[in-house]
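Chains as they are written, first to last, in our numbering: chain Z, 3 to 114; chain U, 597 to 704. Have a look at the structure below before the remarks.
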């Protein structure tokens with residue numbers, strides 16, 4: 003059974019719209035993260051949460067807002083979508099900040 | 597990126613041969629992770645390293661914190677080893693900083 007679930011797997015959106023990317027982890031971890039991988043680029047850190055509190059934000063735009071409704075959930079809301087937002091978004095989790103991180107399968111977002 | 601320099605950027609191996617990948621860090625690194633990204637995009641954890649060496653089957657990895665580098669050795673390369681290998685540095689904040697990746701192709 004998958005331990006980190008991301009939904010949807012694929013997402014197509016129009017410019018200017020808003021989407022929410024879902025992430026749930028069943029590893030019992032206390033820290034969760036979002037990373038972004040654009041085409042042919044390495045993964046880039048976006049956010050980290052620990053015990054449902056924001057620890058680090060490396061995203062320049064306020065259009066990206068993480069939402070943590072439960073300890074094992076960290077969703078990502080993206081507003082006013084732009085074509086440059088097209089990427090695969092990975093959710094990850096770890097027991098705590100310096101521990102090994104495990105990644106979900108990703109959501110591939112395409113903005114037209 | 598500049599903070600984690602990974603080499604080589606691409607590598608082609610004959611099945612059964614050995615090779616090594618390397619990452620140099622210009623940021624204070626507490627732990628290192630190595631991943632393999634398959635053609636479908638999934639990230640598989642290979643190693644999580646505090647300073648020292650770990651071995652798993654045909655793979656062996658070292659993290660030298662004093663000299664700020666990590667290596668991944670692949671022995672007896674197999675076709676299924678093909679993919680993109682990433683190293684990532686954790687600077688004790690939880691943020692992983694990734695290298696640009698090594699695209700490995702193993703040929704029969």
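We put the beta carbon where it would ideally sit given N, CA and C, even for glycine.
Could you confirm whether any beta carbon from chain Z is found closer than 8 Å to the beta carbon of residue 665 of chain U? no
Give the straight-line distance between the Cα atoms of residue 90 of chain Z and residue 9 of chain Z, rounded to the nearest whole angstrom. 12 Å
Looking only at C-alpha atoms, which of U:684, U:626 and U:630 sits nearest to residue 669 of chain U? U:630
Would you mind reading off the limits of the beta strand (DSSP E) that contains residue 603 of chain U? 600–603
Close beta carbons around residue 601 of chain U, own chain, < 6 Å, minus the five adjacent residues each side: 620
Under a CB-based cut-off of 8 Å, is residue 638 of chain U close to chain C? Protein chains in the displayed structure are Z and U, and chain C is not among them.
Using a beta-carbon distance cut-off of less than 8 Å, what residues from the stretch 687–698 of chain U approach chain Z? 688, 689, 690, 691, 692, 693, 694, 695, 696 and 697
Under 9 Å between beta-carbons, which chain U residues line up against residue 33 of chain Z? List them in chain order, please. Neighbours of residue 33 of chain Z on chain U, chain order: 690.
Does the Cβ-Cβ distance between residue 78 of chain Z and residue 23 of chain Z come in under 8 Å? yes
Have a look at the DSSP bridge pairing and note the partners of residue 68 of chain Z. In DSSP, residue 68 of chain Z forms a bridge with Z:78.
Along the chain, where does the beta strand (DSSP E) containing residue 686 of chain U start, and where does it finish? 679–686
Just to make sure I have the definition right: I need the residues of chain U whose C-beta is within less than 7 Å of the C-beta of residue 30 of chain Z. Which are they? By Cβ distance, chain U contributes nothing, its closest Cβ being about 17 Å from residue 30 of chain Z, past 7 Å.
Three CB pairs or more closer than 8 Å across the stretch 95–114 of chain Z and the stretch 24–35 of chain Z: yes
Rounded to a whole number of angstroms, what is the C-alpha to C-alpha distance between residue 2 of chain Z and residue 53 of chain Z? This structure does not reach residue 2 of chain Z, given that chain Z is present from 3 up to 114, and the question cannot be answered.
Is it buried or exposed for residue 48 of chain Z, if we count other Cβ within 10 angstroms and need 16 for buried? Residue environment for residue 48 of chain Z: buried (at least 16 other C-beta atoms within 10 angstroms of its C-beta).
From the DSSP output, read off the bridge partner residues of residue 609 of chain U. U:702
For residue 626 of chain U, report the span of its beta strand (DSSP E) as first-last. Counting along the chain, residue 626 of chain U falls outside any beta strand (DSSP E), and DSSP gives it neither H nor E.
Just to make sure I have the definition right: I need the residues of chain Z whose C-beta is within less than 9 Å of the C-beta of residue 627 of chain U. Which are they? 100, 101 and 102
Check whether the Cβ atoms of residue 609 of chain U and residue 702 of chain U sit closer than 8 Å, and answer yes or no. yes
Answer with buried or exposed for residue 652 of chain U, where buried requires no fewer than 16 other C-beta atoms within 10 angstroms of its C-beta. Only exposed fits residue 652 of chain U, as fewer than 16 other CB atoms lie within 10 angstroms of its CB.
For residue 640 of chain U, list the residues DSSP reports as bridge partners. The partner list for residue 640 of chain U (beta bridge, DSSP) reads U:632.
Looking at chain Z, is there any beta carbon in it that lies within less than 8 Å of the beta carbon of residue 644 of chain U? At least one chain Z Cβ lies under 8 Å of residue 644 of chain U.
Quick check: the Cα distance between residue 681 of chain U and residue 632 of chain U, rounded to an integer number of angstroms? Each residue's alpha carbon lies about 5 Å from the other.
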